[in-house]
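2 protein chains.
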Amino acid sequence: MLPRGRPRALGAAALLLLLLLIGFFLFGGDVECELGELGGERRGPGSFPCPLTPRVSADGRPRGAAAVDGDPSADRGGRNRSDCVPPRPPLPKCELLHVAIVCAGHNSSRDLVTLVKSVLFYRKNPLHFHLVTDAMARNILEMLFHTWMVPAVRVSFYDVEELKPQVSWIPNKHYSGLYGLMKLVLPAALPPELARVIVLDTDVTFASDIAELWALFAHFSDEQVIGLVENQSDWYLGNLWRNHRPWPALGRGFNTGVILLRLDRLRQAGWGQMWTLTATRELLTLPATSLADQDIFNAVIKEHPGLVQPLPCVWNVQLSDHTLAERCYSEASDLKVIHWNSPKKLRVKNKHVEYFRNLYLTFLEYDGNLLRRELFGCPSPPSAGAEQVQRALAQLDEEDACFEFRQQWLTVHRVHVTFLPHEPPPPQPHDVTLVAQLSMDRLQMLEALCRHWPGPMSLALYLTDAEAQQFLRFVEASAVLSARQNVAYHVVYREGPLYPVNRLRNVALAQALTPYVFLSDIDFLPAYSLYNDLRASIEQLKLGSERRAALVVPAFETLHYRFSFPSSKAEVLALLDSGSLYTFRYHEWPRGHAPTDYARWREAQTPYRVQWAADYEPYVVVPRDCPRYDPRFVGFGWNKVAHIMELDAQEYELLVLPEAFTIHLPHRPSLDISRFRSSPTYRDCLQAVKDEFHQDLSRRYGAAALKYLTALQQPRHPA
Amino acid sequence: MLPRGRPRALGAAALLLLLLLIGFFLFGGDVECELGELGGERRGPGSFPCPLTPRVSADGRPRGAAAVDGDPSADRGGRNRSDCVPPRPPLPKCELLHVAIVCAGHNSSRDLVTLVKSVLFYRKNPLHFHLVTDAMARNILEMLFHTWMVPAVRVSFYDVEELKPQVSWIPNKHYSGLYGLMKLVLPAALPPELARVIVLDTDVTFASDIAELWALFAHFSDEQVIGLVENQSDWYLGNLWRNHRPWPALGRGFNTGVILLRLDRLRQAGWGQMWTLTATRELLTLPATSLADQDIFNAVIKEHPGLVQPLPCVWNVQLSDHTLAERCYSEASDLKVIHWNSPKKLRVKNKHVEYFRNLYLTFLEYDGNLLRRELFGCPSPPSAGAEQVQRALAQLDEEDACFEFRQQWLTVHRVHVTFLPHEPPPPQPHDVTLVAQLSMDRLQMLEALCRHWPGPMSLALYLTDAEAQQFLRFVEASAVLSARQNVAYHVVYREGPLYPVNRLRNVALAQALTPYVFLSDIDFLPAYSLYNDLRASIEQLKLGSERRAALVVPAFETLHYRFSFPSSKAEVLALLDSGSLYTFRYHEWPRGHAPTDYARWREAQTPYRVQWAADYEPYVVVPRDCPRYDPRFVGFGWNKVAHIMELDAQEYELLVLPEAFTIHLPHRPSLDISRFRSSPTYRDCLQAVKDEFHQDLSRRYGAAALKYLTALQQPRHPA
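Residue numbers (the working numbering), protein chains in the order written: chain A, 2 to 720; chain B, 2 to 720.
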C-alpha cells in the first residue's frame with residue numbers, strides 16, 4: 002500500500018507546501034482556512050471557510066460563515082490540505098484557558114455540571130471558570146467545586162444581581178429570561194486584565210478538547226472581536242410565518258451558545274455603548290427581543306460585520322427543531338460541541354437525536370470523581386488538595402486490616418446541595434427541619450415520609466452520578482414528591498468502600514435552615530402530629546433562650562409489613578400490648594433506647610428528664626448549632642451513640658416528650674450493613690475508632706468524660 | 002498576542018516547511034520523526050525518534066526506540082515541529098481497521114469488554130475484531146456483541162483449541178499461560194487476505210482514537226513487519242537478581258501488549274519457521290519462556306533488528322511495578338494506551354496509579370449502550386440493527402399513552418452471560434436448575450438462596466455497567482457466594498423505562514443447562530429439601546419421557562420480618578395455623594394461587610392434578626424446552642399468568658407436589674413496581690397487551706383457547 006501510494010503523496014505534499022508558503026505570505030494568520038480553499042475541499046454554495054471578514058453573498062448569508070460546511074480541521078479525508086493543520090492547538094502547553102458561563106437556579110446548576118464534566122473529560126489545560134450566578138446557583142456551585150477538587154481548575158463567581166440593571170430595561174420574550182441577556186455585559190463584568198474568554202450556554206456539551214476552540218482566537222484578524230458559529234436555522238431569514246419579523250442579522254445570523262470574546266478589544270471599542278445604541282434603536286420598531294442576547298449580538302454584527310470571526314459549524318451544532326445542523330455534522334466526522342438550543346432540550350425531534358442523547362448522557366451520568374485527574378507536566382498550585390488526597394490514597398497499605406476505614410476517611414465527597422428546586426422555609430422561631438440520609442435502596446420511603454412530615458426536610462442522598470439521574474426521574478414521576486417545595490435534597494456522590502453515614506448526616510444538618518432540627522433516620526415514620534407537637538413543645542419549653550436541651554422522640558418498631566399507622570399515643574400503647582409493635586430494637590439491642598424509660602413514657606403527661614447511659618442512641622430534636630457527628634464512624638455501628646455522648650458531654654438536658662413517637666419500618670439489611678456483618682476485621686477497626694473517640698472526649702471534656710470510659714469497660718456486642 | 006507573535010511564527014514556519022520538503026525527499030515516509038529531530042526536541046540520551054531501522058547504542062538499548070521519550074505527535078508544546086504532524090491519521094475516512102485479541106475464560110472476557118469500550122469510545126472508523134477464544138469466551142462474547150449491536154463493528158471468532166498444538170510445545174512460566182503464546186501464530190491463523198492487524202492484550206485501555214495507532218503502519222519501511230513499543234522496565238537488561246537470565250533482546254527489548262503486524266509481509270518472510278527456529282534454539286539453553294510470546298518476539302527481533310518499527314512510548318504505557326513509564330507520560334501530555342501489565346493489575350503500586358485507575362474505571366463503568374453510535378458519513382451495512390432500532394425509537398410518539406411500553410419492546414438489551422466463573426453441572430437426567438431474575442435491590446437475597454438451594458442456578462441480573470462492578474465486588478466479598486461454582490449469573494444491561502421481567506426470565510431460562518428448570522422468583526426461599534425432592538419426583542413421575550407435566554411448588558408468604566424457616570411440611574402447617582404464615586398473596590390476590598388447592602395440599606400424600614383457572618400463576622418445575630415467557634409483558638403484572646396459560650394451552654398436566662413448598666419473604670415494593678402503581682395509564686397499556694396476547698393464543702390454539710377469552714370477561718384488578 003504505502004510503496005505504491007508514496008509518489009503521489011510526495012507530489013501532492015510538495016505542491017501543498019509551496020502553496021502553504023504562499024498562503025502564509027498572502028493571507029497572514031488564516032493559513033488553515035485558505036488551505037481549506039486551495040486544497041479544493043467541496044463546499045456548500047456561496048460560503049467560504051473563515052475569511053478575514055465576512056462577505057455577504059447573493060443569498061444574503063454571510064459568505065464568511067464556515068457554518069454548515071464542516072470543520073476543515075475536523076476533516077479526516079486524508080487530503081493533503083489537512084496535513085498542515087495544527088494537530089492540536091498551537092498553545093503553550095499548560096496555558097490557562099478562561100470560560101464564562103451565566104447560571105441561575107437549581108436546574109441550570111445541574112446543566113452546568115454536565116457541561117463542565119464534558120469540558121473536563123477532554124481538557125488538557127488548566128481552566129478558569131467565570132460563573133455569573135444568582136445566590137442559589139452560587140451556593141450550590143461553590144460547595145460543588147470546593148468538594149470536587151479538580152486539579153488545575155479555578156472558579157470565580159460574579160453576582161448576577163449587580164449586573165441586572167444593565168439589561169433589565171430590555172423587553173425580552175426568550176425562555177432564558179433576563180439571564181440570556183447577561184452575556185452582553187461580560188466585557189464590563191469580568192476582570193479588566195482578562196483579555197480573552199470563551200462564553201458558553203449551560204445547554205451545550207463538549208465532544209472535544211476546549212483548547213482546540215481556544216486556539217481559534219489565533220485566527221482573529223486585528224479588527225475581529227467576536228467568534229461565532231452561524232445559525233443552523235432559518236429564523237433570521239424571516240417569513241417563517243405571517244408577520245414573522247426577526248431582528249436584523251447577516252443572513253442566517255449567528256448563534257450565541259458558543260462565543261469567543263476578545264474582551265480587551267471590546268472594551269477598547271466601547272462595546273457597552275455599541276450594543277446599547279443598537280438595541281435602543283431596534284426597540285423603537287421591535288416590541289422585544291425574541292432570542293435575548295442573540296438578537297442584539299446579531300443586530301450589532303449586521304451594523305459592524307468586521308467585528309465577527311465566523312467559526313466552523315462543528316463548534317456549535319444546534320439541535321433546535323427544523324435544524325439544518327445535519328448539513329454540518331454529516332460532512333464533518335468530528336463534532337466538537339453540541340448545543341441543545343430547543344426549549345424541548347433532549348426531547349427535541351431529530352432523526353439522529355439518539356446519537357446526540359448518547360453523547361449527552363455520557364457526561365450526565367459520568368462519575369465526576371474520575372475527573373479528578375492531574376495534568377501531567379502542568380505544575381499545579383500547592384493547594385491542589387485532590388492530588389494530595391490521591392497520593393495519600395495511593396500510599397495506603399492495602400494489607401492493613403483497617404485499610405477501608407482509612408480509605409474512607411481520606412475521601413472527600415463531591416456534594417451537590419439542593420439538587421432539585423427548593424424554597425427555603427419562612428423564618429419561624431420554633432420551626433423544625435427533619436434531617437436524615439439515605440441511599441438509592443431507600444427512595445421508596447420518601448413518599449410515606451412526606452405524608453407523615455409536612456414540615457421542612459433536609460435529606461442527604463448518597464448516590465452515583467447515574468443514580469442521581471434516576472432519583473431525579475423518580476421525584477418527577479411522583480405527584481407527592483414533586484408537590485413539595487420545602488424538602489431539600491443534597492446529593493453526596495458515592496466514593497470509597499464504606500457508607501459515610503456521619504458525613505451524610507453532617508451535610509444534611511449543615512443545610513437545615515430552621516432554628517431546630519429533628520435528627521431522624523430514613524426508615525422511621527414520625528407520628529402524623531409530630532411536626533406540630535414539636536414546634537409547640539419547643540415554644541413551651543423555651544428551648545434555646547434559657548435551656549440547652551435535646552428533646553427525645555421515643556422510637557418503636559414494627560416487624561409486620563402490613564401495618565396501619567397509629568394516630569395517637571393511645572393506639573401506640575394498644576399495639577404494644579397486642580405485640581404488633583415493639584420498642585425499637587427490643588430484640589437485638591434494647592440498651593440503645595432503654596434510658597428513654599418506656600414504662601414511664603406510658604404514664605407520662607409532661608416531658609420528663611432522663612440520664613445518659615452507655616450506648617444510648619435516641620432520636621432527638623436539638624438546636625441547629627448542635628455538635629456535628631463524628632465522621633470517623635463510617636459504615637455501621639456506634640455513629641449515633643457517639644453523637645449523643647457528645648451532647649451529654651456538652652450538658653444537653655435529655656427531655657423525653659410524652660406524646661411524641663416515631664416508628665421504624667422493617668426492611669432488608671442494606672448492602673452496606675450486610676458487608677459489615679460479614680466482616681470480622683470491621684469490628685476491630687470500629688473498636689479502634691471508638692478508643693480514639695474516647696481519648697478525644699477526655700481531652701476535650703477532661704474529668705467529666707471519665708464516665709464514658711468506665712461505661713465502655715463492660716464488653717458488649719457493637720450497636 | 003497574535004500581532005506581535007506573527008513575524009516569528011512566519012519565519013519559523015517557512016524554515017520548517019523547507020525542512021519538511023527536504024525531509025520528504027531524503028527520508029521518505031518518516032517525515033514526522035525526522036521533523037521531531039530537526040525541530041530540535043529535547044530527548045533522552047542515546048535514543049532517537051522512530052528511525053528507519055533501530056541502531057543499538059552504547060548502553061545497549063535500541064537507539065531506534067522512541068520508547069520513553071514521549072510521542073512526537075502527542076507533544077503539544079506548540080513547537081513548529083508539531084505543526085506538520087497529521088492532525089489525525091491520514092486514513093481514507095471510514096477505512097476498516099482490524100484488531101486481533103486473544104481471550105479465554107470468564108475473567109478475560111470481562112477485561113476484553115472494558116478494552117473494547119475504550120476503543121469504541123474514541124473510534125471514528127469501522128472496526129473488525131478478530132477474537133481468538135476458547136469455548137467459554139466465545140459463548141459469552143458472541144452473545145454480547147450480537148446484543149450490543151454497535152454500528153460499523155464486525156466480529157470474527159477463531160478457536161484457540163485448533164491453534165494450541167502450534168505453541169503447546171513451548172515451556173512457559175508466564176501467568177497468561179499458553180494463551181499469551183497464541184499471538185505468535187496469528188499470521189497463520191487470521192484470514193490470508195488480511196494484510197495488517199493491530200494485536201492487543203486484554204489488559205490495555207485506550208485513551209485515544211485507535212485510527213491514530215493504525216496510521217503508524219504508514220511509517221513502516223519496506224522491510225519492517227512488526228511495530229512495538231520499547232519495554233518500560235529493565236527486565237531484559239538482566240541482573241535484576243542473582244542468576245536472573247532473561248531471554249535475548251535488543252537492550253530493554255519490546256513489550257508485546259500492543260503490536261502492529263504486517264501479516265502479508267510476515268507470511269512472505271516465513272514467520273512461522275523464523276520464530277520456531279529461534280525459540281527452539283533458545284530453549285536449548287533456557288528452561289522456559291518467562292514472558293510468553295514476548296520473550297520469543299524479542300529473541301527474533303534481536304536476530305533480525307530490521308523487522309521492527311519502534312512505536313512512540315505513549316502507545317503502550319506499561320504500569321508494571323518498578324516501571325519507567327513516568328519518563329514517557331510526564332513528557333507527553335497525551336497518553337494513548339495504558340497497559341496494566343502487572344499481575345496485580347489495578348492494585349499495582351505507582352504514585353500516579355489513581356490517575357490511571359480513573360481512566361480505566363471510566364470505561365469499566367461506562368454504559369456500553371451509549372456506544373451504539375452510528376458513524377456519520379460512513380455507510381454501514383443494511384443489517385445495522387442498532388440504527389434501525391434507534392430510528393424507530395426516535396420516531397415513537399412520546400405523547401402516546403403506551404410510549405414507555407413501545408420503547409421497552411424496541412429495546413434490545415446487551416447480555417453478558419456467565420459474567421462470573423461458572424462450572425456447568427455434570428449431565429444428570431433428572432437435574433433441576435433454579436431460574437430467577439433480579440436487580441440490584443435484591444442482591445441481599447443471594448446468600449440465603451444459596452443456603453436453601455444447593456443445586457445449579459441460572460440467574461439473570463438487570464444491572465447498569467457500574468452496578469455490574471458492585472455486584473462483582475459483592476460476590477467476591479461473600480464467602481457463601483464465592484464458594485459456589487454452579488450458580489451462573491447473566492447480566493442483562495439496564496435500558497428503557499420499564500423492568501423487562503419476562504426478557505430476563507427468558508435469558509436465565511435459555512442458559513439453564515439441566516433437563517429441568519424450577520421457575521422461581523428471587524424473593525422466595527425454597528424448602529431446604531426441595532432440590533432433592535424435585536429430582537426424586539421427576540424420576541418417580543417419569544417426566545419428559547412419557548408425560549408432559551408442570552410440577553407445582555405450593556407458595557406461601559410470611560409478613561413477619563424475623564422468621565425461622567420451617568424444615569418440614571408439618572412445620573409449615575403449624576405456622577399456617579398460628580397465622581405467622583399465609584398462602585401466597587392471600588390478602589391481595591388469592592386467585593393467583595387458589596387452583597393449587599391448599600386445603601387438599603394439607604392432606605395430600607402423593608402428587609395431585611389440578612385444573613387451570615383464570616389468573617393462575619403457580620411456581621412450577623418444567624422441562625428446559627418449555628415455552629418462553631412473552632416479552633411484551635414489561636414492568637409488572639400478568640407476566641407469569643400468561644406463561645402458565647401457554648403451558649395449559651400446550652396441555653401440560655399441572656401436578657401439585659405434596660411435600661414441596663417455597664416461601665416469599667417480605668420486602669418493600671421495588672422502585673419499578675411503585676412506578677407501576679402510581680401510573681393509571683400503565684394499566685390501560687397492560688390491558689392492551691393482554692388483549693393482543695389473547696388474540697395470539699386463539700390464532701395459535703384455535704377453539705382450545707376460547708376458554709381463556711371467556712375467563713377474561715369477568716373484570717378484576719390486574720395481578
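Built from N, CA and C at the ideal position, the CB exists for glycine as well.
Legend entry - Residue closest to residue 391/A, alpha-carbon to alpha-carbon, out of 299/B, 354/B, 571/B and 478/B: 354/B
Inset, instruction - Can you tell me which of the three DSSP states residue 197/B falls into? - result: In the three-state scheme derived from DSSP, where H, G and I count as helix and E and B as strand, residue 197/B is classed as strand.
Inset, instruction - Identify the contact partners of residue 457/B in chain A, using a Cβ-Cβ distance below 7 Å as the criterion. - result: By Cβ distance, chain A contributes nothing, its closest Cβ being about 24 Å from residue 457/B, past 7 Å.
Inset, instruction - Flag residue 442/A as yes if its beta-carbon sits less than 7 Å from any beta-carbon of chain B, otherwise no. - result: By the rule that beta-carbons nearer than 7 Å mark a contact, residue 442/A touches chain B.
Inset, instruction - Tell whether a beta-carbon distance below 7 Å holds between residue 552/B and residue 481/B. - result: The answer is no: Cβ separation not under 7 Å.
Inset, instruction - Grab me the residues of residue 701/B's own chain with a C-beta within less than 6 Å of its C-beta, minus the 5 sequence neighbours each way, in chain order. - result: none
Inset, instruction - Return the CA-CA distance between residue 111/A and residue 183/A, expressed in angstroms with no decimal places. - result: 19 Å
Legend entry - Close Cβ partners of residue 712/B (< 7 Å) along its chain, the five nearest in sequence each way excluded: 615
Inset, instruction - Compute the Euclidean distance between the alpha carbons of residue 247/B and residue 202/B, then round it to the nearest angstrom. - result: CA-CA distance, residue 247/B to residue 202/B, rounds to 21 Å.
Legend entry - Nearest neighbour of residue 519/A, chosen from 299/A, 569/A, 372/A and 458/A [CA to CA]: 458/A
Legend entry - N- and C-terminal bounds of the alpha helix (DSSP H) containing residue 592/A: Neither: residue 592/A is in no alpha helix (DSSP H) and is coded neither H nor E.
Inset, instruction - Check whether the Cβ of residue 253/B lies closer than 6 Å to any heavy atom of the ligand ATP, and answer yes or no. - result: Absence of the ligand ATP is noted for the structure shown, with no ligands found whatsoever.
Inset, instruction - Pick helix, strand or coil for residue 700/A, following the three-state DSSP scheme. - result: helix
Inset, instruction - Would you mind telling me which residues of chain A sit closer than 7 Å to residue 331/B, beta carbon to beta carbon, in chain order? - result: 377 and 378
Inset, instruction - Grab the span of the alpha helix (DSSP H) containing residue 231/B for me, first residue to last. - result: It is not in any alpha helix (DSSP H) - residue 231/B instead sits in the beta strand (DSSP E) that spans 227-231.
Legend entry - Residue burial classification, residue 452/A (beta-carbon count within 10 angstroms, cutoff 16): exposed
Legend entry - Residue-level contact to chain A via CB, residue 359/B, 7 Å cutoff: So yes, residue 359/B belongs to the interface.
Legend entry - CB contact below 7 Å: residue 213/A versus chain B: Under the 7 Å criterion on CB atoms, residue 213/A is classed as non-interfacial with respect to chain B.
Legend entry - Beta-carbon separation (whole angstroms), residue 370/A vs residue 463/A, contact threshold 8 Å: Incorrect: roughly 13 Å between the Cβ atoms, too far for contact.
Legend entry - Same chain, Cβ closer than 8 Å to residue 705/A, neighbours up to 5 away in sequence not counted: 650
Inset, instruction - Assuming residue 667/B contacts residue 560/B (C-beta within less than 8 Å), just tell me the rounded distance between them. - result: 6 Å
Inset, instruction - Starting from residue 518/B, trace the beta strand (DSSP E) both ways and give me its first and last residue. - result: 517-520
Legend entry - Neighbour-count burial assignment, residue 34/A, 16 or more Cβ in a 10 Å radius: In this predicted model, residue 34/A has a pLDDT of only 28, less than 50, meaning its place in the structure is not dependable; the value taken from the coordinates is given anyway. So residue 34/A counts as buried.
Inset, instruction - Report the rounded CA-to-CA distance for residue 407/B versus residue 693/B, giving the unit in angstroms. - result: 14 Å
Inset, instruction - Within the same chain, show all residues whose beta-carbon is closer than 7 Å to that of residue 466/A, passing over the 5 residues directly before and after it, in chain order. - result: 366, 367, 368, 369 and 494
Legend entry - Straight-line Cα distance separating residue 171/B from residue 317/B: 26 Å
Legend entry - Range of the contiguous alpha helix (DSSP H) that encloses residue 645/A: 640-650
Legend entry - Simplified DSSP state of residue 157/B, which is helix, strand or coil: strand
Legend entry - Top-ranked residue by Cα proximity to residue 637/B, from 608/B, 629/B, 461/B and 504/B: 504/B
Legend entry - Alpha carbon of residue 56/A to alpha carbon of residue 125/B, nearest angstrom: Caution is warranted here: a pLDDT of 35 is assigned to residue 56/A, below 50, making its placement in the model unreliable, and the coordinate value is therefore given only provisionally. Residue 56/A and residue 125/B: Cα-Cα distance of roughly 34 Å.
Inset, instruction - Output the residue ranges of the alpha helix (DSSP H) runs that lie fully inside the region 551-626 of chain A and measure 4 residues or longer, sorted by chain position. - result: Look at the region 551-626 of chain A and you find these whole runs of alpha helix (DSSP H), each 4 residues long or longer: 570-579 and 599-604.
Legend entry - Interface flag, residue 515/A vs chain B, CB-CB below 7 Å: no
Inset, instruction - Quick one: give me the first and last residue of the beta strand (DSSP E) that residue 310/A is part of. - result: 309-312
Inset, instruction - Following the continuous beta strand (DSSP E) through residue 102/A, name the residue where it begins and the one where it ends. - result: 98-104
Inset, instruction - Can you give me the Cβ contacts of residue 721/A inside the same chain, cut-off strictly under 6 Å, excluding the 5 residues immediately before and after it? - result: Nothing about residue 721/A can be reported from this structure: the residues present for chain A run from 2 to 720 only.
Inset, instruction - List the residues of chain A whose Cβ lies closer than 7 Å to the Cβ of residue 193/B, in chain order. - result: Near residue 193/B there are no residues of chain A at all, since even the closest Cβ is about 17 Å away, more than 7 Å.
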